[in-house]
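Scroll down for the structure; my scribbles are underneath it.
In structure tokens:
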């Protein structure tokens, strides 16, 4: 190994250690500032974007880990994790979960179970964001008042592949697997693999 390579690796290791400690501290400041409840063992690599509105609630269990931005889990389309919890909404994340560049917009309720792994750049929306009626959309106040929302429930031991989209009203059963790049618009039973746009049944998983 050349001297240049040794120096590069040494500097990189020092930078990674310092950067990791810094981002972990800043992440906790952001979570605390948004009154997020979180358990022990939280690990944040990089800095997330968190916006919990007045009257909203975000609860994270123990041993939660997240990768944010360009320096962690480099699978392309790098971004931080985004968590938006609107007034009256509740976002709950269970124990032993891991996210990478995940975006969650919670206007109603998003409940994620224990031992869940969510691949890079997955998005979870419990809202349509806008009315589906064109005349209603033309009026901002009416648009906001008539936007449909429905809870999203993700069970225990679920694995969601990278770049997937989970839409409002969806329940994903325990130990289900969602293939990368899937768009999930309807509920998925436990112990099944689904994939595609829209997501379709692939096969059952042996218990």
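Numbering (the numbering used here), first residue to last: 11 to 217. Just so it is clear, CB atoms sit at the ideal spot from N, CA and C, and this is done for glycine as well. Please read these numbers as outputs of a predicted model, since none were measured by experiment.
Of all alpha-carbon atoms in 155, 167, 121 and 116, the one lying nearest the alpha-carbon of residue 136 is that of 116. At the C-beta level, residue 156 and residue 125 stay beyond 8 Å of one another.
Within its own chain, the residues whose Cβ lies closer than 6 Å to the Cβ of residue 138, once the five positions on either side in sequence are excluded, are 157 and 158, listed in chain order. Counted as a single uninterrupted DSSP element, the beta strand (DSSP E) harbouring residue 210 occupies residues 210-214. By DSSP's assignment, residue 116 forms a beta bridge with 95. When beta bridges are read from the DSSP output, residue 61 appears opposite 94.
Cβ-Cβ distances below 7 Å link residue 62 to 44, 45, 46, 68 and 95 in the same chain, with the five nearest sequence neighbours on each side left out; the list follows chain order.
Distance from residue 77 to residue 31 at the Cβ level is roughly 16 Å; contact not present, criterion being Cβ atoms closer than 8 Å.
Its chain contains 75 as the residues whose beta carbon lies nearer than 6 Å to that of residue 53, once the 5 sequence neighbours on both sides are disregarded; these appear in chain order. Excluding residues up to 5 positions away in sequence, 109, 112 and 170 lie with their Cβ nearer than 6 Å to the Cβ of residue 128 in the same chain. Taking one beta carbon from each stretch, the stretch 198-207 and the stretch 175-188 have 3 or more pairs nearer than 8 Å; the two touch.
Shortest Cα-Cα distance from residue 102 to any of 122, 33, 211 and 184 involves 122.
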